[in-house]
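K.L.:
Quick note: the sequence shown uses our numbering, first residue 16, plus one each step. Note that CB positions come from ideal geometry on N, CA and C, so glycine has one too.
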Amino acid sequence: MARNSIAANLLMIILLGGGLWSAAVMQKEVFPEFQLDVVEVYVGYPGAAPSEVEQGILRPIEEAVRSVEGIREISSEAREGRGEVLIELVAGQQRMKAFQDIDQAISRIRTFPDQIEQPEVRLQSRQREVVQVSLYGPIYVWDLRKLAEQLRDQLQSHEQITQVELRRVPEYVTHVEIPRQRLRQYGLTLPDVANIIRSASRDVAAGSVQTSAGEILLRVKARKQWAEEFAQIEIVAGREGPSVTLGDIATLRDGFEDVGFHSQFSQTPSMNLDVFRVGSQSPIEIAAAVQATMEEFESVMPPGVKWRIDRNNAEEFRRRLYLVLENAAMAVGIVLLILALFLEFRLAFWVMMGMAVSFIGGLLFLPAAGVSINMISLFGFLVVLGIVVDDAVVVGENVYEKRQTEDDDETAAIEGTSEVAGPVTFSILTNIVAFVPLMFIPGETGKFWAPLPVVVIIVLSLSLIESLFILPAHLAHARAAGKRKSGLRARLHNGQQRFSQAFNRFVEITFRPVLIVCLRFRYITASAALGLFLVVAGYATSAHMGMILMPEVSADEIEAGVRMPVGTTPDQAARIANAVTEASVRMFEEHNLHEVAEGIKTNVRGQNFIDVEIVMRPPDERDMTADQIIELWRDSIGDLPGVNQVTFEAESGPGGHRQDISVDLSHSDISVLEKASAAFIERVKLFSNARDVSDSYNKGKSQYDFRLRPEGRALGLTDEELGDQLRGAFFGSLALRLLRGTNEIEVRVKLPEDEREDIYHLEDLVIRTPSGTEVPLLDVADVEKNVAFSSIDRRDGRRVINVSMDVEPKRAVTQVIEVLRNEELPRLREDYPGITWSFEGSDAEMRRATASLWGSFGLALAVIYSLLAIAFRGYIQPLIVLVAIPFGIVGAVLGHMMLGYDLSLVSLMGVIALSGVVINDSLIMIDYANRRRSECSAFEAISQAGIRRFRPILLTTLTTFGGLMPLIFEDSLQAQYIIPMAISLGFGILFATGIILVLVPCLYLILEDIRLLFTSNDQ
């Protein structure tokens, strides 16, 4: 195209115009959308103990799905009143087929208890939350929930909003409380009353009547929704006296489930609404719609009620977009300055235009690759920022060199491009191959990062096309500024020429003698380089540096998790939650934390866990770190009576919610497993860097086991009837579920609270036989006191106890795991024969990811070697080029050490990507030397190659590092996840270049020495 600038310009216009059009219409989202290879089975079993859930629900499901093809792992959990099974599929398995097979297998189970709810089988998916809105204020919880429902309806009425869900809100329940005396007076049981309510509260379709006027539908209207309507239900028919209604014998009220504590923000009731993105909706447009709706809704909010945006992922997306644009602008400025110093300004300009064409043109092809504009794909543009100009720099520099000897710019452009077209093509191909392994990281981590390599590969492919076809056409028809005798361009050209001459003098006077000395003492040079590599590699694998899954990033919320003893009542949990909140408020007042934090959120999750969160202001609005606030908070809370453990967390992002080390212990004998886990915890607590050691074994709730006596069976009682009456008396009998508006309501019949809160009420409980006779419970049933589990964990059909811990500092995680794996766990097996273990959580995720990365990396190296062998037409010289990779890794490690970053999985991803980038300089140098071998000796050829290619090698290195430099030194939270990758790439190429400039020529001559040695021996 160098001779046809029209074709080149049209291709450039198509890429630029198509990219801009695609950017306007393509999908925009906060995080990449992907499907999880997990099938989730949820079964409710109201009132059941975990052991009953395990026996009645988990075991049948595990056995039923065991034969389904494509299952990798089955993990299940039994809790009070529910069971959950997570079935992880093998990567690449057809999700829908596996889901259907599992659903059918569960539907064939016939041994489920009668009292269970309908099993829910679904493919686990990620809801794409955009905004979380919080309503809070000093009003009654019932009124606040009604207000939240009104806001939900108003949000969903906006054309830009499709899905809104209420979070952490109490569930509606209509309570029907009947004293035991009234039940005995009318010969009723609670299950009897529940059945009467159920049969008297539903509409009945009665068919239709065909008349001459047409068909008339018949329907019995009996549906009831509110407590006052249920109160009118006739319980006892008045044949000889007045009828008795439910309201005559019971206290009815519409309210919420008995939880004891409702969510709070700043010590006032609060409720959250999550707004999600559906389909192709834009997060920025949804956030704007929420803001507009809330401004309208303020007019109907009661006095004292306020609203706030708790979480705004759209704002995070906007910040990330601005971060990319800001870093791109800075990188363009840095790269343009470097190019303008080494090359002509017009040539530098067209090289920079190549970057713009590749970036904007890449947007045109992203939708075809299934990639949207999201935080990770934007990271991809940041990473490729410094790499994308390398090929254009090599082409431009060679054309610039040809211009010094050629009068015709067109001829210089064609010859300069043709001369380096081969090595440039192979360098881009090796770059692309190096990023391919990042596409095959397994699990959720791999799917999360998958868009990044796709973006890089597309942009690099376009940069190759641009540098070989579009750039030469522009350079061929660009007038040289030096031909003008005056003007700004001429002055810039003259300044650039002076710098170029000074640089050439540096190469001749300084670099040439150093290179010649290194070549003459090439074996000493190679040995020194090898020694440096061994020292740095030894340090990186020692206890001084560890490996973590993801970089630590301070979150916008700091969480204190309070774990209470098993069996804590809702009222006790509420008192502890209030105590923690009041201590936190005192800390706010004493240290004036209102300037760094917005408020305090308090929630009680489950029966024994309290979650208190401090909502931080944006980082640029606070002068305290999260760690400083945690220390103040720890002192303010102090020792809480009735609390097992208080943990603090201030991390966010992938892996941030998991503890550093998680070990599953398993044994066929639960008593042995219990003792082994307790012993293991005591040993781990002795580790100086172990924090927040805990396990999943919660055994502590008292449990009474009843067995029907022969006397009870003689009276006609069955185990099921006994269980129904016990359940109804203390847990309550579920009369029915109904839909009131858009909310599902439970109607539950039970004894008054004062008749079910003490144990003596159980001893005095009267059981009604089928014949109507009343007998004391203890006359017809034997009772045995036991201790029940609060939860039971299972993995692949075996009970497990999970022991987890955090490690400080994080870099010590690898060393702690090695000690556990090689010393503590084998010693535990000696003490408790038959105990088995497996590492789960963050460590398991990292092991799978790193194993996959190293495996893919090996294949990538094989492909890179093959490409180099084709380029060099030999098998030995590619090995010299590949030597650059270890020294790139050395630079990556040194960069992490200098900037104080721990090595992480993201760092490893950068190292693997670096392997394709760092060999480009060696490839260009050896290619030049090979072309000179026909004219001179090996020593002269490689020394000339080192001197001649010094400028393009230095240029590509400086532009790569300059393009990544704004990201490396970025201090915003949005960039913290990707900075380790940028450090690996930037410092890897920077350090490797310094080594390559002298080491590759030395290795070239060493290889020649070996060849000559074998040749002389043969002769």
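Which term fits Trp464, buried or exposed, when burial requires 16 or more other beta carbons within 10 angstroms of its beta carbon?
P.N.:
With 16 or more Cβ atoms within 10 Å of its Cβ, Trp464 is classed as buried.
K.L.:
Which of the three DSSP states is assigned to Val448 in this structure?
P.N.:
Val448: helix per DSSP, three-state reduction.
K.L.:
What is the DSSP secondary structure of Gly319, reduced to helix, strand or coil?
P.N.:
Coil at Gly319, not helix or strand.
K.L.:
Is the beta carbon of Ile983 closer than 8 Å to that of Ile998?
P.N.:
Yes, the Cβ-Cβ distance between Ile998 and Ile983 is below 8 Å.
K.L.:
Based on Cα-Cα distance, which residue from Ile121, Leu351, Val822 lies nearest to Leu400?
P.N.:
Among Ile121, Leu351, Val822, the Cα nearest to that of Leu400 belongs to Leu351.
K.L.:
Secondary structure at Phe357, three-state DSSP: helix, strand or coil?
P.N.:
Correct three-state label for Phe357: helix.
K.L.:
Look at the Cβ atom of Leu909, then the Cβ atom of Val551, and state whether they are nearer than 8 Å.
P.N.:
Yes, these two residues count as a Cβ contact at 8 Å.
K.L.:
Look at the alpha carbon of Pro194 and the alpha carbon of Leu261, and state the distance between them as a whole number of angstroms.
P.N.:
One C-alpha to the other measures close to 12 Å.
K.L.:
So, with DSSP's three-state summary, where would you put Leu1027?
P.N.:
The answer is helix: DSSP assigns Leu1027 an H, G or I state.
K.L.:
Kindly indicate which three-state DSSP category Ile163 falls into: helix, strand or coil?
P.N.:
Before going on, a small fix: residue 163 reads as Ala here, not Ile. Helix at Ala163.
K.L.:
Compute the distance between the beta-carbons of Ser919 and Pro995, then report whether it is under 8 Å.
P.N.:
Closer than 8 Å, so yes.
K.L.:
Between Leu1018 and Val932, which are expected to be in contact by the criterion C-beta below 8 Å, what is the C-beta distance as a whole number of angstroms?
P.N.:
At roughly 19 Å, the Cβ-Cβ gap does not stay under 8 Å, so Leu1018 and Val932 are not in contact.
K.L.:
Is DSSP giving Ser482 helix, strand or coil here?
P.N.:
Reduced to three states, the DSSP call for Ser482 is helix.
K.L.:
How should Pro317 be labelled, buried or exposed, when 16 other C-beta atoms within 10 angstroms of its C-beta is the threshold for buried?
P.N.:
Exposed, since its Cβ has fewer than 16 Cβ neighbours within 10 Å.
K.L.:
Where in the stretch 849 to 892 do unbroken runs of the alpha helix (DSSP H), each at least 4 residues long, occur, reported from the N-terminal end onward?
P.N.:
Counting whole runs of 4 or more residues, the stretch 849 to 892 contains the alpha helix (DSSP H) stretches 856 to 887.
K.L.:
State the start and end residues of the unbroken alpha helix (DSSP H) segment that holds Met913.
P.N.:
Counting along the chain, the alpha helix (DSSP H) containing Met913 begins and ends at 899 to 914.
K.L.:
State yes or no: is the C-beta of Arg742 within less than 8 Å of the C-beta of Asp797?
P.N.:
No.
K.L.:
With which residues is Asp14 paired in a DSSP beta bridge?
P.N.:
Limits of the chain in this structure are 16 at one end and 1034 at the other, which puts residue 14 out of reach.
K.L.:
Check whether the Cβ atoms of Pro767 and Glu243 lie closer than 8 Å to each other.
P.N.:
Against a cut-off of 8 Å, the Cβ pair of Glu243 and Pro767 comes out as no contact.
K.L.:
Taking the alpha-carbon positions, what's the Glu597 to Leu655 distance?
P.N.:
For Glu597 and Leu655, the distance between alpha carbons rounds to 12 Å.
K.L.:
Taking the DSSP output, what are the residues bridged to Ile102?
P.N.:
BP columns for Ile102 point to Val54, Ile89.
K.L.:
In chain order, what residues of the same chain have a beta carbon less than 7 Å from the beta carbon of Ala691, not counting five sequence neighbours either side?
P.N.:
So the qualifying residues of the chain are Leu680, His682, Leu843, Tyr847, Ile850.
K.L.:
Is it buried or exposed, Asn758, if we count other Cβ atoms within 10 angstroms and call 16 or more buried?
P.N.:
Exposed, because fewer than 16 other Cβ atoms sit within 10 Å of the Cβ of Asn758.
K.L.:
If you compare alpha carbons, which of Gly85, Tyr60, Ser216, Glu77 is closest to Leu751?
P.N.:
Closest by alpha carbon: Ser216.
K.L.:
Rounded to whole angstroms, how far is the Cβ of Gly1050 from the Cβ of Leu547, which I believe are closer than 8 Å?
P.N.:
This structure cannot speak to residue 1050, because the chain is shown only from 16 to 1034.
K.L.:
Buried or exposed: where does Asn413 fall if 16 or more other Cβ atoms within 10 Å of its Cβ makes it buried?
P.N.:
That one is buried.
K.L.:
Look up Val762 in the DSSP assignment and say whether it is helix, strand or coil.
P.N.:
Reduced to three states, the DSSP call for Val762 is strand.
K.L.:
Under the assumption that Val451 contacts Ala875 (Cβ atoms under 8 Å), give the Cβ distance between them as a whole number of angstroms.
P.N.:
Confirmed, about 6 Å.
K.L.:
Looking at Ile299: is its Cβ nearer than 8 Å to the Cβ of Ala265?
P.N.:
The answer is no: Cβ separation not under 8 Å.
K.L.:
Helix, strand or coil, according to DSSP, for Leu475 in the structure here?
P.N.:
Three-state DSSP puts Leu475 in a helix.
K.L.:
Quick one: grab the DSSP three-state call for Phe702.
P.N.:
Phe702 falls in the coil class under three-state DSSP.
K.L.:
Report yes if the C-beta distance between Ile676 and Ser542 is below 8 Å; otherwise report no.
P.N.:
Not closer than 8 Å, so no.
K.L.:
Enumerate in chain order the residues of its own chain whose CB-to-CB distance from Val448 is below 8 Å, with the five nearest sequence positions on each side excluded.
P.N.:
Ala875, Val878, Ile879, Leu882, Gly931, listed in sequence order.
K.L.:
Tell me the DSSP secondary structure of Ile816 in three-state form.
P.N.:
Here Ile816 sits in strand by DSSP.
K.L.:
As a quick exercise: from His606, Phe271, Ile480, pick the residue whose alpha carbon is nearest that of Arg160.
P.N.:
Checked all of His606, Phe271, Ile480; the closest Cα to Arg160 is Phe271.
K.L.:
According to the Cβ coordinates, are Val53 and Phe332 closer than 8 Å?
P.N.:
No, these two residues do not count as a Cβ contact at 8 Å.
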